[in-house]
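Notes to accompany the following structure.
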Amino acid sequence: MLLTSGRAVTQMVAGQRNLAADLVSDVAHSTSNETVDLMSVMRKLLRASEFLEWKDSASWFRAEIEEFSYQNAPRHRYTNAIVEYKDPMMEMYSTLPNFPRRSSQSTIVQKPLILPLSELIRYRERGFSWQTGATRTVERRGVTGDRQVIETEWISFNVGAVETILDHIEQYCFDFAIATERRLRFTDLATDVFAEYRTLVEVHLNRLGIDENLKAIETNVRLGTAESSKLAILGCRNILLALSDRLWQVPGVQVHPALQTYDGKPLQLDEGQVKARLRAYLHERGLVLATKRGPTLIAGQLERNADAAAELYNLTSEQGKNEALVEDAKAAVLHTYFLVGEMARLTGFVPVTAIAGSADSNNSI
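Residue numbering for the sequence shown is 1179 to 1543, as defined by our numbering.
What follows is the structure, encoded as structure tokens:
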């Protein structure tokens, strides 16, 4: 029941990631066009962020759509605002088409335009202007004498200022969509590649009767403790040990007739020589282990992986002085999957029971 529930949750999460990836891909395409439905774009990115449970980006898109407060207005919402005082006559004329909005007494200041996105879009060709509530009394000289006039403070954002804000929002949406699409699609690709290796490894290890190590490794990695990480690393080492015993089944041969160690010594094949037996196995299965430049990829992977697993385990076993790191365990598991998967793909994990007798010195490693 728990396994079924876990699979259901995994499928649901994968489905949400796919929906999010589709949404951001659609946004990336639509924002590349000349005409952009910015409100639709923002809603899609909000939905994608919710699918991915990205709280920060979801909050940002929601605030852009609904309205910022003056306290949390982002930098791109600040723009040039025209601040000026108008008397009643000036206010009346300001409502007429093509009337200059800025007087000689006005000032330009940086102010946040925090209105909802729908308002910015609706009035992008008109701009905004409203009273701040502040007033002042000034003396005016007229034909009939001096008089006092009450002027009201107005703040205005012209068309250019509104367009600049919308351009910034559109650019952010485009950048966000492109980066998120790349992240999701690449992650999906990496997940697919790993899933292929995982399946390959499971099938072959199960056939060889060493699948239990694999299950134990995954359980220990998921626990995420120092002790479980140590056990996961030990599991990786044990898989290589078990493979060397299952795949190399040549009786009575203690030294390989063709292969050598890096320092030119005979390659010992007695029990417990994990790397040596696996090298010999790959060689007998027809894989080239070295070139003039050095070890081939598969030989290098075997060397590094076996050494790393042994070294990590030995470090954590030395009188308990060193704790195993979860990151080390994860790296060891990933590298073990890929190494074992490559070996299985290249050899089919058919055991070697006799040496072909080749003395090719080019395979000395």
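The C-beta atom is built at its ideal place from N, Cα and C for all residues, glycine as well.
These numbers were taken from a predicted model, which means no experiment stands behind them.
Check                                                                                                                          : Outcome
Nearest-angstrom Cα separation, counted from Pro-1444 out to Ile-1388                                                          : 30 Å
Three-state secondary structure (DSSP) of Ile-1260                                                                             : strand
Whole-angstrom distance between Pro-1266 and Asp-1324, CA atom to CA atom                                                      : 17 Å
7 Å CB neighbourhood of Ile-1533 in its chain, flanking five on each side removed                                              : Val-1428, Val-1431, Pro-1435, Glu-1462
Test item: CB-CB of Glu-1509 and Leu-1378 under 7 Å                                                                            : Contrary to the premise, residue 1509 reads as Ala rather than Glu in this sequence. No. Outside cutoff.
Identified DSSP bridge partners for Asp-1324                                                                                   : Arg-1319
Neighbourhood of Asp-1204 by C-beta distance below 8 Å, restricted to the same chain and skipping five residues each side      : Lys-1222
Backbone CA spacing between Arg-1130 and Ala-1226 [nearest angstrom]                                                           : Outside the displayed range of the chain (1179 to 1543) lies residue 1130, so it cannot be described from this structure.
Rounded C-alpha distance that separates Ala-1199 from Arg-1415                                                                 : 38 Å
Those residues which DSSP pairs with Glu-1331 across a bridge                                                                  : Tyr-1263
Test item: CB-CB of Val-1504 and Ser-1407 under 7 Å                                                                            : yes
Residues that DSSP places opposite Val-1287 in a beta bridge                                                                   : Ala-1259
Neighbourhood of Glu-1228 by C-beta distance below 8 Å, restricted to the same chain and skipping five residues each side      : Ala-1236
CB contact flag (Pro-1294, Glu-1244, <7 Å)                                                                                     : yes
Opposing strand residues paired with Thr-1313 [DSSP bridges]                                                                   : Thr-1330
Beta-carbon gap between Ala-1259 and Ile-1333 smaller than 7 Å                                                                 : yes
Bounding residues of the beta strand (DSSP E) (the contiguous stretch that carries Val-1433)                                   : 1433-1438
Straight-line Cα distance separating Tyr-1263 from Phe-1147                                                                    : Past the edges of the chain, shown from 1179 to 1543, lies residue 1147, and the structure says nothing about it.
Straight-line Cα distance separating Glu-1303 from Glu-1374                                                                    : 55 Å
Nearest residue (CA-CA) to Thr-1313, options Ile-1328, Tyr-1301, Leu-1517, Gly-1305                                            : Ile-1328
C-beta atoms of Val-1202 and Glu-1359 nearer than 7 Å                                                                          : yes
Chain-order list of residues whose beta-carbon lies under 6 Å from that of Ala-1394 (same chain, five-residue window excluded) : Gly-1413
Check whether Thr-1315 and Gln-1326 have beta carbons under 7 Å apart                                                          : yes
Beta-carbon proximity of Ala-1484 to Ala-1355, cut-off 7 Å                                                                     : no
Outcome for Arg-1457 when other beta-carbon atoms lying within 10 angstroms are tallied against a minimum of 16                : buried
Distance, Pro-1529 Cα to Leu-1392 Cα                                                                                           : 20 Å
Neighbourhood of Gln-1194 by C-beta, 6 Å cutoff - its chain only, sequence neighbours within 5 removed                         : Phe-1229
Residue burial classification, Tyr-1515 (beta-carbon count within 10 angstroms, cutoff 16)                                     : buried
Classification of Ala-1357 by the beta-carbon crowding that lies within 10 angstroms, buried from 16 upward                    : exposed
Supposed contact pair Val-1433 and Gln-1446 - C-beta distance, whole angstroms, cut 8 Å                                        : 6 Å
Whether Thr-1624 touches Val-1321 by CB criterion (7 Å)                                                                        : There is no way to answer for residue 1624, as the model of the chain reaches only from 1179 to 1543.
Close Cβ partners of Ile-1292 (< 8 Å) along its chain, the five nearest in sequence each way excluded                          : Glu-1245, Phe-1246, Ser-1247, Tyr-1248, Ala-1251, Arg-1255
Backbone CA spacing between Val-1219 and Trp-1238 [nearest angstrom]                                                           : 13 Å
Under the three-state DSSP convention, the category Leu-1447 falls into                                                        : coil
Supposed close pair Ile-1299, Leu-1409 - CB separation, criterion 8 Å                                                          : Not confirmed; about 58 Å, so no contact.
Exposed unless 16 or more other CB atoms sit within 10 angstroms - verdict on Thr-1525                                         : buried
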